[in-house]
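S.K.: Just dropping this structure here.
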Amino acid sequence: MPYLSQMLSRPVIDADGVEIGKINDLAIQTGEVFPRITAVAFKGPSKTPFMVSWRKYVSEYDGNRVVLNTASHNIRFSYLQPDELLLARDLLNKQIVDTQGLKVVRVNDLKISQSGKQLRLLGAEVGVLGILRSLVPWLERLVEAFCKLVGHPLKENIIAWNYMELVDRDLSSLKLSMTHKRLHELHPADVADILEQLKPQQRAKVFEHLDAQQAAETMSELDDEYQTDLIDDMSESEASELLASMDPDDAADIIGDLPYEKAEQLLWLMGVQDSRRIRALLGYREKSAGGIMTTDFVAVSEETSVADTIEKLRAESEGFEQVSYIYTVNSHGALTGALSMRSLVLASPETRVHELAERDLITAGPDEDQEDVADTIAKYGFLALPIVDENKKLLGIVTVDDALEVMEEEHSEDLQIAGAATGNRDEEQRGIGSLLRWFLRRMMWFVLWAVLVILLVMAGGFETFIGALALAPFVLLLAENSVSVAVSDLLDYGGPSTGQALGRLFGRTAVLAVAVAVLGIILSLALGAALDVNTEALLADVAAGQEQAASGQVLTLNLITEFKNACLPAVAAACFVLFFSLVVTLYGRRRLDRNKELSNTSMTFVVMLLALAVQFGLTYLVQILNMA
Amino acid sequence: MHWDEAKKQAKAKRRPLLLLILASAGPGIIAELAGNDAGGISTFSIAGANYGLTMLWTVPVALIFLMVVQEIAARLGAKTGKGFAALIRENYGIRLTTFAMLALAIANSGTTLSEFAGIAAGMELFGVNKYIAVPLAGLAVWALLMGGSYRRTQRIFLIISLVFLVYVVAAFVSRPNWGEVALHTIVPTALPNAGFISLVIAMIGTTVAPWMIFFGQSNVVEKGSTVKDLFFLRADVFIGAVVACLVVWFIMITTGTVLYERGIVVDDAAAAAQALEPTVGPAAEYLFGAGLVGASFLAACVLPLTTSYAICEAFGWERGADATWNEAPAYKGIITGIIVISCIIVLLPQIDLMYVMLTAQVVNGILLPILLIFLVLTANNRNVMGANRNGRLSNVLSCITIGAIIGLTLALFVFQILGY
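Structure below.
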């Protein structure tokens, strides 16, 4: 099976056996599943490239050279047709999107199949073997053989032509086969995943190729940061058109993230109706019911007949996210009831809708927390929940898929704070790496302590700090526990903090701190007493002339002194830890208020480091003071 | 952000041009400041200590070289939206790319190693044992590069860069003769001896390092800047070059004023710092020590990052600060590998560090001319650059620059082989 890397620079021989050049590139016909090689480009002795038709002039390719069927002076050169691509120029070494594996990869080589003299492109090789082959062929064989020997044979990683989308070149001008899977045929969520893998400029370029509807849906699937970036790259009219064609709640989310002037300009450029629908949603806080609701709902007056309602549905609701219920309103615009599609379809055409409507409705206000709204939807199994203001006027609805998104978001947020996996399935692989991470997270205090011991042994300060080292695990464990208490407090935390709750937290911490301090002082008093006893014993031994016993006494004495010196700093560090956990709570709340991420592991790590710094710093200070 | 709050803030958002320029500054400054690494500071200190102020004129020359090369890199990034490694791969094929990446990996690992050696030497001035300083620094570098977003890392880099201010302070503390300083900065002087000439060559020839081109361009790409932003990108590059060269200038002023006049000859940055102490006071030693540690740390972060990014880009592997280990094993693995290996080698007692660093320099010297030629050829390529091709002025400038750098690099080679 030939590869492009093997074909390049092979000689081209004419019918007289004269070498007229070396292969430079191959052209393919793009409209087929396995595109035919239509022409060969070669460089003659004068370094000018020529192209000749494969079908007309090539008589055979034997793996080493291309033999033409006519003498060089009879050849008529051809030109690249609009629906042809050059393999080396347009594909080799370039970035492509693998629309099957949903990844952005670089083409290392191209695999070609041969039947007779006919060559076809099988696909692009994107694996390591391709790199090695293009480098030096024997290296590929060597590595391949070695891997087979070890028991992990390397496989080729081929992407067929019909699963390729070029990043640098727009394929939309080319005629492609029916089965060619273009980017815009993928699900918008998949397109969004691919776009997020690209560099900003390429992202903008690929995004341009999507058609209007696909662009709008893909936009709503992208992460927030990419959304604003893409909007920034577009012209204002394009951007406003795109936003207008999106679901109003998604559009409002994006516009809410833009700078005010830009947002106003975009809203001004779109149709009155679209801009009014988006503006209606802009006033609500981000994580509230108003922030996630959509204004795409169908409401009719109570006296409308079923036939008219169905007529209205046909006329209005095309392009709505979903229509599960029809809402009835009275003459003041207040919500009075809701009926399902099913009851509407089953009823006779003349029936008035208020006869069918369920009147006892569960609703939510626009300022309610999004999590509560999602819970309500889940609890009652609704497909949508109406959002009303204080006059019962219908403002919008929260649909079940938005509710699902909220639950997922809040869930992963909680998990992340608690230090578990981030909810991303791909990451739950069991390997040494993840085991190690797990160990580091759970046994962080031990790892830190061990590192500290090793460092102090290496630096020769082990004996100076032996007391502090012995007490360090307590400080570290206290740090771990107080951070986890702070975190569990954060998990329950709902909205902006109130002064009262903070006061309670502060009181609790203060009580704990006093308790720790009292315990520590008692301990150091006890050690002091032991020191006195041992000093007396030492003096007694010296007086009695018992040298051996005396040296044992000196050792104990030193140890007790070390401990006594280390005791107060450890207590101080413990009190600091409590103070730090308070800071962690405050900091965590601020992050949560601003919708930022929090990591339990890193907070624990920081608090532990600070605690150790305080403990060892103070111990060192106490020792210097004692010496002076 | 709440919509109404946004409305209130809207008026405050009209920023003047100067502020916009300052706001866009960052990547260029980091790229060029990181060039003043452990090896650089040693060279500058030696130049000042051994030849006084007579070498100050090399600073403006280096400034021009730096500006020209980094401007082209930024322009390539803005026009193509691709890093330098991707451009090499797409325009010159896999063999040259592999060669360039291999050379880059070797040279940068060697340089990273010298940065950790610099950290060790600097921390020893503060009385910290190298067996503590190096592992801790390695851990800090690793944690910084592994965790978190691109933006945060860059902010931390900028904060670390503030450490270079100590050289400004040190220069003023040493009370130089400013008139003489100005004179020597403008008027070139040459002394007819091999030591002087080889030092001049080293000063100018090492201004541009291969990794700087990759780092500068990938920063532009990651930021998503386009040709529209070219004005601000250039401003960033030029400000960065000026800042970086000012630092060099101040280092040479300090050592040139204090050490040269007392006839103290030093052979590295740490020795220079220690020599400053008796004459200027302990402040100077600590300032120089802190500068050395900070500069080495910054470069120790930037080098593994750039190397891994370039290699992964060239071979089409997933990369980026935000990717996880499972998504981008090669990217994270290369960074980790470089850091671990250089930390271990620095701490091995039998290794001849000078030899390792010399090897890195030689590889850099081979790689640099090739990369510079790629750079100019690509910047002139109509297919790649379109309307943003090199103009006549920038072609003349870049040809002179590149010719000079290549010549100097070759000369440096010859000098090294001859043993000066």
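Top to bottom, those sequences are chains C and Z. Take 0 as the starting number for the first sequence in numbering that gives the first Met the number 0 and just add one per residue. Take 0 as the starting number for the second sequence in numbering that gives the first Met the number 0 and just add one per residue. Note that CB positions come from ideal geometry on N, CA and C, so glycine has one too.
Are there 16 or more other CB atoms within 10 angstroms of the CB of residue 286 of chain C, so buried, or fewer, so exposed?
M.R.: buried
S.K.: Along chain Z, which residues have their Cβ under 9 Å away from the Cβ of residue 94 of chain C?
M.R.: 81, 85, 89 and 315
S.K.: What distance in whole Å lies between the Cβ atoms of residue 226 of chain Z and residue 404 of chain Z, which are believed to be in contact at a cut-off of 8 Å?
M.R.: Residue 404 of chain Z to residue 226 of chain Z, Cβ: 26 Å. No contact.
S.K.: What do you reckon, are the CB atoms on residue 397 of chain C and residue 384 of chain C nearer than 8 Å?
M.R.: yes
S.K.: Quick one: which unbroken alpha helix (DSSP H) runs of 4-plus residues sit fully inside the stretch 259-335 of chain C? Chain order, please.
M.R.: 259-268, 271-281, 288-291 and 305-315
S.K.: In chain order, what residues of the same chain have a beta carbon less than 7 Å from the beta carbon of residue 130 of chain C, not counting five sequence neighbours either side?
M.R.: 107
S.K.: Jot down the residue ranges of each uninterrupted beta strand (DSSP E) in the stretch 260-310 of chain Z, minimum 3 residues, whole runs only, in chain order.
M.R.: none
S.K.: Can you check whether the C-beta of residue 424 of chain C is within less than 8 Å of a C-beta belonging to chain Z?
M.R.: At residue 424 of chain C, the pLDDT of 40 sits below 50, so the modelled position is not reliable; the number obtained from the coordinates is stated separately. Not an interface residue.
S.K.: Return the residue from the list C/66, C/487, C/90 and C/47 that minimises the CA-CA distance to residue 29 of chain C.
M.R.: C/90
S.K.: Need the endpoints of the alpha helix (DSSP H) that residue 108 of chain C sits in, please.
M.R.: Where residue 108 of chain C is concerned, there is no enclosing alpha helix (DSSP H), although the beta strand (DSSP E) it sits in stretches over 108-114.
S.K.: Identify every residue that forms a DSSP beta bridge with residue 383 of chain C.
M.R.: The secondary-structure analysis by DSSP pairs residue 383 of chain C across a beta bridge with C/398.
S.K.: Please report how far the alpha carbon of residue 422 of chain C lies from the alpha carbon of residue 54 of chain C, in whole angstroms.
M.R.: At residue 422 of chain C the pLDDT is 39, less than 50, meaning the model places this residue with poor confidence; the figure from the coordinates comes in the next sentence. Cα to Cα, the separation comes out at about 55 Å.
S.K.: What are the complete beta strand (DSSP E) segments, minimum 3 residues, inside the stretch 91-129 of chain Z?
M.R.: none
S.K.: Closest by CA to residue 488 of chain C, which one among C/313, C/580 and C/217?
M.R.: The residue from C/313, C/580 and C/217 with its alpha-carbon nearest to that of residue 488 of chain C is C/580.
S.K.: Using the Cβ count rule (16 or more neighbours within 10 Å means buried), how would you classify residue 475 of chain C?
M.R.: buried
S.K.: Quick one: is residue 17 of chain C buried, meaning 16 or more other Cβ sit within 10 Å of its Cβ, or exposed?
M.R.: exposed
S.K.: Could you name the residues of chain Z that residue 134 of chain C contacts, counting a contact when the two beta carbons are closer than 7 Å?
M.R.: Those within 7 Å of residue 134 of chain C in chain Z are 93, 94 and 97.
S.K.: Looking only at its own chain, which residues have a Cβ that is under 6 Å from the Cβ of residue 37 of chain Z, when we skip the five neighbours before and after it?
M.R.: 113, 114, 117 and 295
S.K.: Which residue comes first and which comes last in the beta strand (DSSP E) that contains residue 73 of chain Z?
M.R.: First-last for residue 73 of chain Z: 57-79, but that is the alpha helix (DSSP H), not the beta strand (DSSP E).
S.K.: Taking C-alpha atoms, which residue in C/603, C/335, C/570 and C/386 lies nearest to residue 519 of chain C?
M.R.: C/570
S.K.: Is residue 223 of chain Z close to chain C? Criterion is C-beta to C-beta, closer than 8 Å.
M.R.: yes
S.K.: The stretch 53-66 of chain C: which residues have C-beta closer than 7 Å to a C-beta of chain Z, in chain order?
M.R.: Per Cβ criterion, the list is empty.
S.K.: Is it the case that the Cβ atoms of residue 290 of chain Z and residue 163 of chain Z are separated by a distance below 8 Å?
M.R.: yes
S.K.: Where does residue 592 of chain C fall in DSSP's three states?
M.R.: helix
S.K.: Using the C-alpha atoms, what's the distance from residue 41 of chain Z back to residue 356 of chain Z?
M.R.: 13 Å
S.K.: Can you tell me the Cα-Cα spacing of residue 367 of chain Z and residue 584 of chain C, whole angstroms?
M.R.: 52 Å
S.K.: Of all the CB atoms in chain Z, is at least one closer than 8 Å to the CB of residue 456 of chain C?
M.R.: no
S.K.: Interface residues of chain Z around residue 622 of chain C at Cβ under 7 Å?
M.R.: What residue 622 of chain C touches in chain Z: nothing, since even the nearest Cβ is about 16 Å away.
S.K.: Is the beta carbon of residue 333 of chain C less than 8 Å from the beta carbon of residue 356 of chain C?
M.R.: no
S.K.: On the criterion of 16 or more Cβ atoms from any shown chain inside 10 Å, does residue 50 of chain C qualify as buried, or is it exposed?
M.R.: buried
S.K.: Can you give me, in chain order, the residues of the stretch 105-129 of chain Z that have a beta carbon less than 7 Å from any beta carbon in chain C?
M.R.: 128
S.K.: In the DSSP assignment, the beta strand (DSSP E) including residue 247 of chain C goes from what residue to what residue?
M.R.: First-last for residue 247 of chain C: 247-256, but that is the alpha helix (DSSP H), not the beta strand (DSSP E).
S.K.: Helix, strand or coil for residue 37 of chain C, going by three-state DSSP, please let me know.
M.R.: strand
S.K.: Using only the alpha-carbon positions, how far apart do residue 317 of chain Z and residue 327 of chain Z sit?
M.R.: 5 Å
S.K.: Once DSSP output is grouped into helix, strand and coil, what is the label at residue 34 of chain Z?
M.R.: coil
S.K.: Quick one: does residue 228 of chain C have its CB under 8 Å from some CB of chain Z?
M.R.: yes
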